[in-house]
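A.B. asks: A single structure is presented below for examination.
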Ligand SMILES: Cc1ncc(COP(=O)(O)O)c(C=O)c1O
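Numbering (the working numbering), first residue to last: 4 to 365.
This is the structure we're talking about:
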């Protein structure tokens, strides 16, 4: 039997799982883990089996309420990763074209290609603060484009897409009978300032998100899609072919986490507020870097003006026990991604080490 789908793998995910670990870690894009002891969980609150069929109703209801929609707009999924997979599978057939921002989170492309989609790109440019330019989107649409795929905040740059821009992209999509998927996993990191999810801009918008990045709750795998009920219905049936149901204890814990999200948020905000000033000081001190500093979020994506980012990455690992994400994972090899969601003392030392390595390479 010949193997099918031989390209079904994600170089970025393999890197993130197997090679991004370091004592001084600037390679993560989320805030550090929130501990179970920070939630009021008692063992008797948990159970192994429970009433999960097409999602656990109390979880869907909490997510609906949090996002200003109804439960029939919500599909729960194993992280934003499976949420994206379900959203793609529900909107794209093999051979369809999908317009994706560049640079982008590599897994979006791997998943689309696995599903047989043809991927086209439009540029988000540093000189334009990595904004989405609707004219650029429009120029790259074709009669075969079924979906436009965006991340907000943008991974890897942290750039925010404002509502007028989302509306303009939505109009372009609608005119051609296409949908817009907005991955909002980093928009959650605006916390109290988070704008309404893009589902409120029209029936042809889908939103994916999770409790992973902004809250440090990755292990719960609490992700979701927000979409119109025809699409959510389709996704629930597709999910029957994948995971069938989530782990019930994780759904119970996710409900507890959502009921206590204020405490989780307070810790995350405090961490990011403490880690931003050293990041800004570092960037200002480096004439060898060109950068766009986003207003929000956990990452920045500077460009090394001269020199080799792969060599920087090697030096950082071998001599400085420090990790960044080389821009080659985002198809922009002159850039690298710095994440500031880690422990504050560790992040400060990591930035000092990054400075030392940059000096050494000059
Ligand atoms: C844009 C984007 N979406 C989704 C994910 C995956 O999130 P989750 O851990 O919830 O599956 C990531 C992880 O890096 C991401 O950057």
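All residues carry an ideal CB built from backbone N, CA and C; glycine is no exception.
Kindly list the residues whose CB is nearer than 6 Å to the CB of residue 14, restricted to its own chain and excluding five residues on each side of it in sequence; keep chain order.
C.D. replies: Once the five neighbours on either side are set aside, residue 14 has no close Cβ partner at all.
A.B. asks: Report whether the distance from the Cβ of residue 158 to the nearest heavy atom of ligand 1 is below 7 Å.
C.D. replies: It does: the Cβ of residue 158 is within 7 Å (strictly closer) of some heavy atom of ligand 1.
A.B. asks: How is the beta strand (DSSP E) around residue 124 delimited, first residue to last?
C.D. replies: From DSSP, the beta strand (DSSP E) with residue 124 extends over 121 to 126.
A.B. asks: When you measure from the CB of residue 87 to every non-hydrogen atom of ligand 1, does any distance come out below 7 Å?
C.D. replies: Yes, the beta carbon of residue 87 sits closer than 7 Å to at least one heavy atom of ligand 1.
A.B. asks: Does residue 60 pass the burial test, meaning 16 or more other C-beta atoms within 10 Å, or should it be called exposed?
C.D. replies: Its Cβ having fewer than 16 others within 10 Å, residue 60 is exposed.
A.B. asks: Would you mind reading off the limits of the beta strand (DSSP E) that contains residue 318?
C.D. replies: Per DSSP, residue 318 belongs to no beta strand (DSSP E); it is in the alpha helix (DSSP H), 312 to 323.
A.B. asks: Measuring CB to CB, does residue 101 end up less than 8 Å from residue 115?
C.D. replies: Against a cut-off of 8 Å, the Cβ pair of residue 115 and residue 101 comes out as a contact.
A.B. asks: Consult DSSP for residue 135 and reduce its assignment to one of helix, strand or coil.
C.D. replies: The answer is coil: DSSP assigns residue 135 none of H, G, I, E or B.
A.B. asks: What residue does the beta strand (DSSP E) around residue 304 start on, and which one ends it?
C.D. replies: Counting along the chain, residue 304 falls outside any beta strand (DSSP E), and DSSP gives it neither H nor E.
A.B. asks: Give the secondary structure of residue 27 by DSSP, where H, G and I count as helix, E and B as strand, and everything else as coil.
C.D. replies: If DSSP states are grouped into helix, strand and coil, residue 27 belongs with the strands.
A.B. asks: At what residues does the beta strand (DSSP E) containing residue 243 begin and finish?
C.D. replies: Segment 232 to 244 is the alpha helix (DSSP H) holding residue 243; no beta strand (DSSP E) there.
A.B. asks: Report whether the distance from the Cβ of residue 188 to the nearest heavy atom of ligand 1 is below 7 Å.
C.D. replies: The answer is yes for residue 188.
A.B. asks: If distances are taken between C-alpha atoms only, which option among 178, 219, 93 comes closest to residue 188?
C.D. replies: Taking only the C-alpha atoms, the option nearest residue 188 is 219.
A.B. asks: Per the DSSP calculation, residue 212 is bridged to which residue(s)?
C.D. replies: Beta-bridge pairing links residue 212 to 227.
A.B. asks: Mind checking which residues open and close the beta strand (DSSP E) that includes residue 366?
C.D. replies: Residue 366 lies beyond the range of the chain shown here (4 to 365); nothing can be said about it.
A.B. asks: Do the region 172 to 191 and the region 134 to 149 meet, that is, are 3 or more Cβ pairs less than 8 Å apart?
C.D. replies: At 8 Å Cβ cutoff, the stretches touch.
A.B. asks: What residue range is occupied by the uninterrupted alpha helix (DSSP H) comprising residue 114?
C.D. replies: Element bounds for residue 114: 109 to 117.
A.B. asks: Which runs of the alpha helix (DSSP H), 4 residues or longer, sit entirely within the region 39 to 91?
C.D. replies: Taking only runs of at least 4 residues, the alpha helix (DSSP H) segments lying wholly in the region 39 to 91 are 60 to 70.
A.B. asks: Determine the direct distance from the alpha carbon of residue 164 to that of residue 126, and round the result to whole angstroms.
C.D. replies: The alpha-carbon atoms of residue 126 and residue 164 are separated by roughly 14 Å.
A.B. asks: Using C-beta distances below 6 Å, list every residue in its chain close to residue 113, excluding the 5 sequence neighbours before and after it, in chain order.
C.D. replies: Contacts found: 13.
A.B. asks: Return the bridge partner residues of residue 329 from the DSSP annotation.
C.D. replies: Per DSSP, 339.
A.B. asks: On a CA-only basis, which of 166, 78, 216 is nearest residue 32? Give me that one, please.
C.D. replies: That would be 216, whose Cα lies nearest to the Cα of residue 32.
A.B. asks: Quick one: what does DSSP say residue 157 is sitting in, helix, strand or coil?
C.D. replies: Of the three classes helix, strand and coil, the one that applies to residue 157 here is coil, per DSSP.
A.B. asks: Would you identify the three-state DSSP class for residue 105, choosing helix, strand or coil?
C.D. replies: Note: residue 105 maps to strand in three-state DSSP.
A.B. asks: Where do the ends of the beta strand (DSSP E) carrying residue 185 lie?
C.D. replies: Where residue 185 is concerned, the enclosing beta strand (DSSP E) stretches over 182 to 186.
A.B. asks: Which of the three DSSP states, helix, strand or coil, is assigned to residue 22?
C.D. replies: In this structure, residue 22 counts as coil in the three-state DSSP scheme.
A.B. asks: Give the DSSP-derived three-state secondary structure of residue 296 in the structure shown.
C.D. replies: Looking at residue 296 - three-state DSSP - the assignment turns out to be coil, as it is neither helix nor strand.
A.B. asks: For residue 5, collect the residues of the same chain with a Cβ closer than 6 Å to its Cβ; drop the 5 residues on either side in sequence, then sort them by chain order.
C.D. replies: The pLDDT assigned to residue 5 is 49, lower than 50, so where the model puts this residue is not dependable; a value taken from the coordinates is nonetheless given after this. Around residue 5: no qualifying Cβ.
A.B. asks: Assign residue 95 to buried or exposed, taking buried as 16 or more other Cβ atoms, counted over all protein chains shown, within 10 Å of its Cβ.
C.D. replies: Burial call: buried.
A.B. asks: By DSSP, does residue 4 sit in helix, in strand, or in coil?
C.D. replies: Only weak support exists for where residue 4 lies, its pLDDT of 46 falling under 50; the coordinates are left without a value.
A.B. asks: Using 8 Å as the threshold, is the C-beta distance between residue 27 and residue 341 below it?
C.D. replies: Result no, Cβ atoms of residue 27 and residue 341 do not sit closer than 8 Å.
A.B. asks: Identify whether residue 17 lies in helix, strand or coil by the three-state DSSP scheme.
C.D. replies: Correct three-state label for residue 17: helix.
A.B. asks: With distance defined between alpha-carbon atoms, name the residue in 302, 331, 303 nearest to residue 316.
C.D. replies: Out of 302, 331, 303, 331 has the C-alpha closest to the C-alpha of residue 316.
A.B. asks: Going by beta carbon distance, what residues of the same chain come within less than 6 Å of residue 39, once the five residues before and after it are set aside?
C.D. replies: Excluding sequence neighbours, residue 39 sits near nothing in its chain.
A.B. asks: With the cut-off set at 8 Å, would you say residue 235 and residue 52 are in Cβ contact?
C.D. replies: No, these two residues do not count as a Cβ contact at 8 Å.
A.B. asks: If you draw a straight line from the C-alpha of residue 335 to the C-alpha of residue 345, how long is it?
C.D. replies: When rounded, the distance between both Cα atoms is 24 Å.
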